[in-house]
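Read through the structure below, which is laid out as structure tokens, and then see the notes.
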Amino acid sequence: MNAPEKQKQEIWFARRFPVGHPRTGMAPVHWKGWMMFAVFIACMAVGALGFVLSAIGGQFLWGVVVFTAMTAMGAGMLLIAVAQHGDQEKTVAEYKTNA
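Residues 203 to 301 in this note's numbering are what the sequence shown lists, from first letter to last.
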């Protein structure tokens with residue numbers, strides 16, 4: 203993806219630390235970024251509920267599989283969104299000062 207295409211695209215996430223810092227964490231700067239975090243948490247909650255219900259029914263291993271699958275799905279969606287809508291150059295602080 204070229205730089206002009208990236209600029210046209212909506213940015214949902216930005217770096218937490220400046221370029222050159224060893225930590226490369228991303229944080230939401232748009233409401234859609236916050237919604238992606240909410241979707242991840244919801245996937246974990248649904249997986250936990252599935253685990254509890256399966257464990258109550260005596261299917262402990264099935265519950266582990268359900269929780270793991272739901273958590274992996276939520277994490278995968280979040281990571282894809284960060285990769286597609288993340289700004290690797292600007293920080294969260296820069297977005298806050300420009301808002």
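All residues carry an ideal CB built from backbone N, CA and C; glycine is no exception.
Item: Range covered by the alpha helix (DSSP H) that runs through F269; Value: F262 to H287
Item: Closest residue to V266 among V254, A295 and A283 (Cα-Cα distance); Value: V254
Item: Short Cβ contact (8 Å threshold) for L281 with F239; Value: no
Item: Three CB pairs or more closer than 8 Å across the stretch 207 to 227 and the stretch 255 to 274; Value: no
Item: Closer than 7 Å: H232 CB and nearest the ligand MN heavy atom; Value: Judged by which ligands are present, the structure shown has none, so any question about the ligand MN falls away.
Item: Contacts around G235, its chain only, beta-carbon distance under 6 Å, and the 5 residues preceding and following it disregarded; Value: W214 and F215
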